[in-house]
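Okay, so here's the structure we're looking at.
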Amino acid sequence: MKTPFAQRTREHWESSPIETDDLPCGWTDVLIQLIENGPVDDGDVASKPARDALIECGFAAKVIIGQQEAGTCATYYGRELYCQLIDEWGLHEAIAKRQATSALKRY
């Protein structure tokens, strides 16, 4: 049985490495928020249109934790996009690199 995710229309960047220069407005900020702070409550998400688009494309999902609606978090596919954005293979390495780079830019 094919899942809805498997049956969805593929985006132009899905047939090869994801083209991160071509991401729609707001996607990067929301993806960073979901990876580093997820699950994120619907009222706290940086951009609802970007969140909805990430969900539609399979990069994010709404989740239930402990029988409660818990907001939105990144999927494993979203993790791949995040790692490619940061240019690191592993999630922990990508988070550390992005946070270190972000901290350096503040000063």
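Position in the sequence shown (from 1) plus 2 gives the number in this note's numbering. From the three backbone atoms N, C-alpha and C, an ideal C-beta is built for every residue, glycine too.
Collapsed DSSP secondary structure at residue i in the structure displayed
i     : result
Ala48 : coil
Cys75 : strand
Asp43 : coil
Beta-bridge pairing of residue i - partner residues as DSSP gives them
i      : result
Gln101 : Paired residue(s): none; Gln101 is not in a bridge.
Gln69  : None; Gln69 has no bridge partner.
Val32  : According to DSSP, which records beta bridges pairwise, Val32 is partnered with nothing at all.
Ala63  : Cys75
Presumed contact (8 Å Cβ cut-off) between residue i and residue j, rounded CB distance
i     : j      : result
Ile34 : Arg100 : 7 Å
Arg53 : Thr74  : 6 Å
Ala55 : Trp29  : 7 Å
Beta-carbon proximity of residue i to residue j, cut-off 7 Å
i     : j     : result
Pro41 : Ala76 : no
Phe61 : Tyr78 : no
Ala48 : Val65 : no
Cys85 : Ala98 : no
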